[in-house]
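Student:
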Amino acid sequence: MIDLHCHSNHSDGVEDVPTLFRMAEHAKLQHFALTDHDSIAGLDELDRLCQQSEVQFVPGIEWSTRWKKHDIHVLGLYIDYKHPSITQLIEQQQSRRLDRARIIAGILEDLGLKNCWEKTNAIAGHAQITRPHFAKVLVQEGWVRDIPSAFTQYLARGKKAYIHTEWASIPEAVKAINEANGIAVLAHPLKYKLTKTKLNALCDDFKASGGEGLEVISGVMSKNDIQFMATMAQERNMYASSGSDYHGKSLSKTEIGMQSHLPKDCQPIWLYATKDKESS
Ligand code: AMP
Ligand code: MN
Ligand code: MN
Ligand code: MN
Numbered sequence: 001m002i003d004l005h006c007h008s009n010h011s012d013g014v015e016d017v018p019t020l021f022r023m024a025e026h027a028k029l030q031h032f033a034l035t036d037h038d039s040i041a042g043l044d045e046l047d048r049l050c051q052q053s054e055v056q057f058v059p060g061i062e063w064s065t066r067w068k069k070h071d072i073h074v075l076g077l078y079i080d081y082k083h084p085s086i087t088q089l090i091e092q093q094q095s096r097r098l099d100r101a102r103i104i105a106g107i108l109e110d111l112g113l114k115n116c117w118e119k120t121n122a123i124a125g126h127a128q129i130t131r132p133h134f135a136k137v138l139v140q141e142g143w144v145r146d147i148p149s150a151f152t153q154y155l156a157r158g159k160k161a162y163i164h165t166e167w168a169s170i171p172e173a174v175k176a177i178n179e180a181n182g183i184a185v186l187a188h189p190l191k192y193k194l195t196k197t198k199l200n201a202l203c204d205d206f207k208a209s210g211g212e213g214l215e216v217i218s219g220v221m222s223k224n225d226i227q228f229m230a231t232m233a234q235e236r237n238m239y240a241s242s243g244s245d246y247h248g249k250s251l252s253k254t255e256i257g258m259q260s261h262l263p264k265d266c267q268p269i270w271l272y273a274t275k276d277k278e279s280s
C-alpha cells in the first residue's frame with residue numbers, strides 16, 4: 001500500500017509525525033508522503049524515522065493556489081524540500097496565511113467571538129493557522145455543533161468569515177515544485193465540485209503549467225469516481241497518485257493507506273516518477 005497525502009499537527013492534522021509514522025508502519029506502507037499545507041516542518045523528522053524502517057519516505061507539500069475564483073490544492077511530491085524555490089514560496093504563502101488569519105479573527109471578533117485571535121493561536125500551537133483551527137474554536141465556544149458546520153456557517157467560500165486570499169497561482173506553485181526536482185500533482189480534483197467542463201479546463205491548465213500528475217484517489221471514493229479520474233489522467237498521459245488526505249482520527253473518515261487500489265491501466269506515480277527524474 002502507499003499513501004501520498006496526509007497532514008500532521010504542523011498544519012491542520014491532529015497527530016504528530018511519530019504517530020503518523022507508526023500508523024504508516026502498521027499499515028505496512030511502501031511509500032509514504034507527508035504533505036502539510038504550505039509547510040515542510042515535519043519532513044526532517046519523518047525522513048529520520050523512515051530511515052530505520054521499510055516505509056519509503058516521500059517528501060511532500062500541499063500548496064494552496066488560486067485558479068479563477070477557486071482555491072485549488074497542488075501537491076509537490078518527491079521535492080528537494082530544502083531547495084530555495086520551495087523555501088521562498090513557503091515564506092510567501094505563510095505570510096499570506098498569517099494576514100488572512102488576522103482578518104478572519106477580526107471578523108469573528110466583530111461577530112462577538114471574544115479573544116478569537118488568542119484562542120485560535122492556543123489551538124494551533126506551533127502550527128501555522130488554517131481554517132480548521134478557527135473551526136475548532138467555533139466548536140469549543142459552542143457557536144456550532146461540529147467542524148463541518150463551522151465551515152457551512154462561517155468559513156466556507158461565500159460565508160461570513162470567508163475571505164478571498166491571493167494564494168500563489170498554479171504556474172507559480174508548479175514552477176517551485178519542478179525547480180526542486182519534484183512532481184506536481186493536482187490534489188483531490190473532485191473536491192472542488194466543478195462542472196465537467198471546468199474540471200477539464202483545470203486539468204488542462206494544470207498540465208500546461210508543467211503539472212504531471214492527478215490525484216486519482218483521495219480518501220474514500222466510489223468506483224465510478226475513481227474510474228472517472230483514472231480516465232482523466234490517461235487522456236492526458238499524466239501520472240496517477242493516491243492518498244488518504246488523512247487529518248486525524250477525529251477528523252477523517254479514512255485511515256492512512258486505506259484507499260482502494262488504482263485501476264490497472266493507470267501509471268502510478270510512485271513506480272515511474274523517480275525513475276523518470278533520474279534519467280532526465
Ligand atoms: P485553509 O488551507 O486554511 O484554507 O484550510 C483548508 C482546510 O480546511 C482543508 O485542507 C481541509 O482540511 C479543511 N476543510 C475545507 N473545507 C472543509 C469543510 N467543508 N469541512 C471540514 N473541513 C474542511
Ligand atoms: Mn487540510
Ligand atoms: Mn487539500
Ligand atoms: Mn490535504
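Just so you know, we're using our numbering here: the sequence shown kicks off at 1 and counts up by one.
Positions of the beta carbon are idealized from the N, C-alpha and C atoms, including for glycine.
1) Determine, using beta carbons only, whether Met258 comes closer than 9 Å to chain D.
2) Have a look at the DSSP bridge pairing and note the partners of Ala292.
3) Tell me which same chain residues have a C-beta within less than 6 Å of the C-beta of Lys160, skipping the five on either side of it?
4) Alpha carbon to alpha carbon, what distance is there between Asn178 and Thr130?
5) What separation, rounded to the nearest whole angstrom, lies between the Cα atoms of Leu34 and Leu271?
6) Taking three-plus beta-carbon pairs below 8 Å as touching, is the segment 111–124 in contact with the segment 26–43?
7) For Gln93, is the classification buried or exposed, using 16 other Cβ atoms within 10 angstroms of its Cβ as the cut-off for buried?
8) Count the C-beta pairs between the segment 236–249 and the segment 11–19 that are closer than 8 Å, then say yes if the count reaches three, no if not.
9) Give me the Cα-Cα distance between Ser280 and Asp47, rounded to the nearest whole angstrom.
10) In chain order, what residues of the same chain have a beta carbon less than 6 Å from the beta carbon of Ile147, not counting five sequence neighbours either side?
11) Find the nearest neighbour of Phe32 within the set Glu255, Thr231, Glu91, judged by alpha-carbon distance.
12) Would you check whether ligand 2 has a heavy atom nearer than 8 Å to the C-beta of Pro148?
13) Skipping 5 residues on each side, what residues in its chain have a beta carbon closer than 8 Å to that of Ala105?
14) Can you list, in chain order, the residues of its chain whose CB lies under 7 Å from that of Phe57, leaving out five sequence neighbours each side?
15) Using DSSP with H/G/I as helix, E/B as strand and the rest coil, what is Leu202?
Tutor: Quick look at the numbers:
1) Among the chains in the structure shown there is no chain D, since it carries only a single protein chain.
2) Residue numbering for the chain in the displayed model covers 1 to 280; residue 292 lies beyond these limits and cannot be assessed.
3) Tyr154
4) 26 Å
5) 18 Å
6) no
7) buried
8) yes
9) Residue placement at Ser280 is poorly supported in this model, since its pLDDT is 48, which falls under 50; the coordinates are not used for a value here.
10) Ala135
11) Glu255
12) no
13) Cys116, Trp117, Thr120, Phe134
14) Phe32, Leu46, Asp47, Cys50
15) helix
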